[in-house]
Amino acid sequence: MSGLAALLGRLDAVLVAAVTDGEVGVVRSLRLHVGGLAGDLPEPARLLALGDRLFACPRVREAESGSARLCVWEGGQVATVSASPAPRTVVVLTVLGSGGALHLCERSP
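Quick note: the sequence shown uses the working numbering, first residue 12, plus one each step.
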(Lines of atoms letter the chains of each structure in order from A and count residues from 1; the text may use other names and numbers.)
(Lines give C-alpha, C1' and ligand atoms only; values in the text may rest on other atoms or scores of the structure.)
Protein backbone atom coordinates (compact mmCIF):
# COMPACT_ATOMS: atom_id res chain seq x y z
CA MET A 1 0.00 0.00 0.00
CA SER A 2 1.41 3.40 -0.93
CA GLY A 3 1.89 6.11 1.66
CA LEU A 4 -1.01 8.04 0.19
CA ALA A 5 -3.34 5.03 0.27
CA ALA A 6 -2.37 4.42 3.91
CA LEU A 7 -3.09 8.05 4.85
CA LEU A 8 -6.45 7.99 3.07
CA GLY A 9 -7.34 4.73 4.79
CA ARG A 10 -6.44 6.12 8.21
CA LEU A 11 -8.46 9.31 7.66
CA ASP A 12 -11.41 7.29 6.37
CA ALA A 13 -11.37 5.15 9.53
CA VAL A 14 -11.22 8.23 11.80
CA LEU A 15 -14.06 9.89 9.91
CA VAL A 16 -16.28 6.81 9.98
CA ALA A 17 -15.67 6.50 13.74
CA ALA A 18 -16.52 10.19 14.30
CA VAL A 19 -19.76 9.88 12.34
CA THR A 20 -20.71 6.57 13.98
CA ASP A 21 -20.02 7.98 17.46
CA GLY A 22 -22.13 11.07 16.74
CA GLU A 23 -19.25 13.54 17.18
CA VAL A 24 -20.28 15.63 14.16
CA GLY A 25 -23.97 14.79 13.92
CA VAL A 26 -25.43 14.51 10.43
CA VAL A 27 -22.71 15.29 7.89
CA ARG A 28 -23.64 18.23 5.67
CA SER A 29 -20.41 18.98 3.81
CA LEU A 30 -16.86 17.85 3.33
CA ARG A 31 -13.69 19.24 1.83
CA LEU A 32 -10.89 16.84 0.91
CA HIS A 33 -7.54 17.82 -0.58
CA VAL A 34 -4.81 15.34 -1.47
CA GLY A 35 -1.28 16.27 -2.43
CA GLY A 36 1.46 13.89 -3.49
CA LEU A 37 3.56 12.55 -6.32
CA ALA A 38 1.84 13.09 -9.68
CA GLY A 39 1.69 9.38 -10.53
CA ASP A 40 0.24 8.49 -7.11
CA LEU A 41 -2.69 10.93 -7.04
CA PRO A 42 -6.22 9.46 -6.98
CA GLU A 43 -8.88 10.46 -9.48
CA PRO A 44 -11.56 12.89 -8.22
CA ALA A 45 -14.21 10.16 -8.56
CA ARG A 46 -12.32 8.05 -6.03
CA LEU A 47 -12.22 10.99 -3.62
CA LEU A 48 -15.94 11.67 -4.10
CA ALA A 49 -16.64 8.06 -3.11
CA LEU A 50 -16.13 9.20 0.50
CA GLY A 51 -19.15 11.48 0.08
CA ASP A 52 -21.13 8.62 -1.45
CA ARG A 53 -20.47 6.52 1.67
CA LEU A 54 -21.22 9.34 4.12
CA PHE A 55 -24.30 10.79 2.45
CA ALA A 56 -25.83 7.49 1.23
CA CYS A 57 -27.88 9.07 -1.55
CA PRO A 58 -27.34 9.76 -5.26
CA ARG A 59 -25.26 12.60 -6.64
CA VAL A 60 -27.37 15.17 -8.47
CA ARG A 61 -24.79 17.63 -9.77
CA GLU A 62 -21.06 17.79 -10.42
CA ALA A 63 -18.84 20.57 -11.73
CA GLU A 64 -15.16 21.36 -11.99
CA SER A 65 -13.54 24.57 -10.86
CA GLY A 66 -9.81 24.67 -11.51
CA SER A 67 -8.32 21.56 -9.94
CA ALA A 68 -11.33 20.98 -7.68
CA ARG A 69 -14.42 18.85 -8.29
CA LEU A 70 -17.62 20.12 -6.69
CA CYS A 71 -20.54 17.80 -6.04
CA VAL A 72 -24.07 18.05 -4.63
CA TRP A 73 -26.02 15.03 -3.40
CA GLU A 74 -29.77 14.49 -3.41
CA GLY A 75 -30.06 15.34 0.29
CA GLY A 76 -28.44 18.76 -0.25
CA GLN A 77 -25.01 17.72 1.01
CA VAL A 78 -21.98 19.30 -0.66
CA ALA A 79 -18.40 18.15 -1.21
CA THR A 80 -15.32 19.69 -2.76
CA VAL A 81 -12.39 17.42 -3.56
CA SER A 82 -9.05 18.18 -5.16
CA ALA A 83 -5.69 16.57 -5.81
CA SER A 84 -2.47 18.23 -6.88
CA PRO A 85 1.20 17.35 -7.17
CA ALA A 86 3.30 18.04 -4.07
CA PRO A 87 6.79 17.07 -2.92
CA ARG A 88 5.35 15.30 0.15
CA THR A 89 2.13 13.40 0.63
CA VAL A 90 -0.53 15.44 2.42
CA VAL A 91 -4.22 14.83 3.05
CA VAL A 92 -6.48 17.55 4.49
CA LEU A 93 -10.08 16.74 5.39
CA THR A 94 -12.70 19.06 6.85
CA VAL A 95 -16.20 17.80 7.65
CA LEU A 96 -19.07 19.99 8.83
CA GLY A 97 -22.05 18.36 10.48
CA SER A 98 -25.23 19.31 12.28
CA GLY A 99 -23.56 18.76 15.66
CA GLY A 100 -19.95 19.73 15.10
CA ALA A 101 -16.97 19.72 12.80
CA LEU A 102 -13.90 17.62 12.21
CA HIS A 103 -10.62 18.80 10.69
CA LEU A 104 -7.81 16.37 9.99
CA CYS A 105 -4.45 16.92 8.37
CA GLU A 106 -1.97 14.11 7.75
CA ARG A 107 1.47 14.46 6.17
CA SER A 108 4.11 11.96 5.25
CA PRO A 109 7.44 12.35 7.04
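Yeah, the Cβ is synthetic: ideal placement off N, Cα and C, and Gly gets one too.
Excluding the 5 residues preceding and the 5 following residue i in the sequence, name in chain order all residues of the same chain whose CB lies nearer than 6 Å to its CB.
i: Val45; result: Ala94 and Val102
i: Ser40; result: Val89 and Leu107
i: Leu15; result: Gly47, Asp51 and Thr100
i: Cys68; result: Trp84, Glu85 and Gly86
Is it true that the CB of residue j sits closer than 8 Å to the CB of residue i?
i: Arg64; j: Cys82; result: no
i: Gly36; j: Gly110; result: yes
i: Leu158; j: Leu18; result: The shown model of the chain, from 12 to 120, leaves out residue 158, and the question about it has no answer.
i: Leu59; j: Val92; result: yes
i: Arg21; j: Glu117; result: yes
i: Leu115; j: Glu34; result: no
i: Pro55; j: Arg72; result: no
Under the assumption that residue i contacts residue j (Cβ atoms under 8 Å), give the Cβ distance between them as a whole number of angstroms.
i: Leu84; j: Gly62; result: The residue asked about is misnamed: residue 84 is Trp in this sequence, not Leu. Right, the Cβ-Cβ distance comes to about 7 Å (below 8 Å), so this counts as a contact.
i: Thr100; j: Ser78; result: 17 Å between Cβ atoms; not a contact.
How is the beta strand (DSSP E) around residue i delimited, first residue to last?
i: Arg21; result: Not the beta strand (DSSP E): Arg21 falls in the alpha helix (DSSP H), residues Gly14 to Thr31.
i: Arg39; result: Val38 to Gly47
Using DSSP's beta-bridge definition, name the partner residues of residue i.
i: Cys82; result: Glu73 and Ala90
i: Leu115; result: Leu104
i: Ser95; result: Gly46
What are the boundary residues of the alpha helix (DSSP H) that includes residue i?
i: Gly62; result: Pro55 to Phe66
Excluding the 5 residues preceding and the 5 following residue i in the sequence, name in chain order all residues of the same chain whose CB lies nearer than 7 Å to its CB.
i: Ala97; result: Gly46 and Gly47
i: Pro53; result: Val45 and Ala94
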